[in-house]
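There are 2 protein chains.
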Amino acid sequence: MTRSNTPDSEQPADGRVMFELLNEVGIIAQLSRSMLESRLEDGLTMHHFTALNHLVRLGDGCTPKDMAKAFQVPKTSMSHTLAGLEKRRLVRLVPNPEDGRGKRVILTEAGRAQRERSIEALAPDISALLPKLGAEEALAILPTLRKLRALLDRSRDS
Amino acid sequence: MTRSNTPDSEQPADGRVMFELLNEVGIIAQLSRSMLESRLEDGLTMHHFTALNHLVRLGDGCTPKDMAKAFQVPKTSMSHTLAGLEKRRLVRLVPNPEDGRGKRVILTEAGRAQRERSIEALAPDISALLPKLGAEEALAILPTLRKLRALLDRSRDS
DNA sequence: CTTGTATAGTACGAAATCGTACTATATAGT
DNA sequence: ACTATATAGTACGATTTCGTACTATACAAG
């Protein structure tokens, strides 16, 4: 009485949509990450790039802890990413004068330059995607995605 | 002439939307994965679960290669995932009678049962999300996500 | 000022991810 | 049949991810 090779279609209807949504999201994240990463030089990862980008956009002097929270990764992972950036001389980690336990992340000129080059390297792929997907469609789903992210964010805290 | 601490707002407008979209997607993938994974027993990962789920839904007897393609992961990663499932006696890997190079992945009864239990463990979180996000909104963004996934899929092949 | 608790970061190790190189089998061209 | 090329999977190692335990500092209560 083997049931092998008998596909099974029943599903709890409700979870179905959400499950598929998360599934698509997961695959998109994976594909886009590897696509973009292949454009970065010197073995930089997307984590490296997004960290640099964060520092340029929000101004440097952030603490590693804040960045870990901003990117929703464990502090040990952020520590590893920042160590990689420091090894490449793209940031410097200096003691935080306002808190003896903490540090501050300072962009170097090389880091700022690297972020510029990285943006130029990524821009073609990213901009090429927009018209294919449809600018309107892209804009249309953004609020829902933000909402979902916020939901997951909150449910993690509790 | 340091520019440190001077946030920077200029952006190449076009890539802006797409970049943020991929950014949200990446964080959602990460948060949902870690949320769901924490519900699985015995150190099962989402990869393990989705592999089991795939086998139940599409019928077992798939080849590892097909599964790697379905999940868009390198074959060595799929190999690792399947090895984990086999070690837990949730699948068996048997030689493929139709192709001496290949194998077939066979679900065991324990694997089928584990998939049932996992679904029950995940369902509450997933179903709870749907009403909070709004069933209509969720349904509305699904086609666009599928389209984006297909786009990235295609651009990987070439 | 001392003591207890919370927080920032590091050290370390286990597991996951994935690229490269390799083996075995399949398939096409001659 | 023979050779060349392509494919499925494994072996192995480098790197990433991240949990646990630890150190050092902050801060609040008394």
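Protein sequence lines, in the order shown, are assigned to chains A and B. Counting in my numbering, the first sequence tops out at residue 160, every number present. Counting in my numbering, the second sequence tops out at residue 160, every number present. Even glycine gets a Cβ: it sits at the ideal position worked out from N, Cα and C.
With a 10 Å radius around its C-beta and 16 neighbouring C-beta atoms as the bar for buried, classify E26 (chain B) as buried or exposed. buried
May I ask you to report which of helix, strand or coil DSSP gives L150 (chain B)? If DSSP states are grouped into helix, strand and coil, L150 (chain B) belongs with the helices.
Taking Cβ positions only, does L150 (chain A) come closer than 7 angstroms to chain B? For L150 (chain A), the answer is yes, since a Cβ of chain B falls inside 7 angstroms of its Cβ.
L144 (chain B), DSSP secondary structure in three states: helix
Cβ closer than 8 angstroms: which chain B residues qualify as neighbours of L23 (chain A)? A140, I143, L144 and L147
If you follow the alpha helix (DSSP H) that P133 (chain B) is in, where does it begin and where does it stop? E111 to L135
Since P97 (chain A) is in the beta strand (DSSP E), which residue starts that stretch and which ends it? Residue range V93 to P97 is occupied by the beta strand (DSSP E) that includes P97 (chain A).
Write down the C-beta distance between L54 (chain A) and C64 (chain A) rounded to the nearest angstrom, noting that I regard them as a contact closer than 8 angstroms. Not really, about 12 angstroms apart at Cβ, beyond 8 angstroms.
Residues that K134 (chain A) contacts on chain B, provided the C-beta gap is smaller than 8 angstroms: L153
Length of the line joining the Cα atoms of E139 (chain B) and L23 (chain B): 16 angstroms
From the DSSP output, in three-state form, read off R18 (chain A) for me. helix
7 angstroms CB neighbourhood of R148 (chain A) in its chain, flanking five on each side removed: none
Evaluate contact between the stretch 125-145 of chain B and the stretch 91-107 of chain B, counting only Cβ atoms and requiring at least three cross-stretch pairs below 8 angstroms. no
Can you tell me which of the three DSSP states R35 (chain A) falls into? helix
7 angstroms Cβ cutoff, P28 (chain A) in contact with chain B: The sequence shown places Gly at residue 28 (chain A), not Pro. Answer yes: the Cβ-Cβ gap between G28 (chain A) and chain B drops below 7 angstroms somewhere.
Indicate the three-state DSSP secondary structure (helix, strand or coil) for V75 (chain B) in the structure shown. Assignment of V75 (chain B) by DSSP, reduced to helix, strand and coil, places it in the coil class.
Give the range of the alpha helix (DSSP H) segment to which T52 (chain A) is assigned. T52 (chain A) -> alpha helix (DSSP H) spans M48 to L60.
Chain-ordered residues of the stretch 52-85 of chain B with a beta carbon less than 7 angstroms from chain A: V58, R59, L60, G61, D62, G63 and Q74
At least 3 beta-carbon pairs within less than 8 angstroms: the stretch 67-76 of chain A vs the stretch 118-125 of chain A: No: the two stretches stay apart, fewer than three of their Cβ pairs being nearer than 8 angstroms.
State the DSSP-derived secondary structure class of R90 (chain A), mapped to helix, strand or coil. Coil at R90 (chain A), not helix or strand.
Would you say S120 (chain A) lies against chain B (beta-carbon separation less than 7 angstroms)? no
Please confirm if A123 (chain B) has its CB atom under 7 angstroms from at least one CB of chain A. no
With distances taken from CA atoms, which of A:E88, A:L132, A:R106 and A:A130 is nearest A112 (chain A)? Sorting A:E88, A:L132, A:R106 and A:A130 by C-alpha distance to the C-alpha of A112 (chain A) places A:E88 at the top.
Indicate the three-state DSSP secondary structure (helix, strand or coil) for R41 (chain B) in the structure shown. coil
Let me know the secondary structure DSSP gives R103 (chain A) once reduced to three states. In the structure shown, R103 (chain A) sits in coil (DSSP, three-state: anything other than H, G, I, E or B).
Would you say G45 (chain B) reaches chain A, if we count a Cβ-Cβ gap shorter than 7 angstroms as a contact? no
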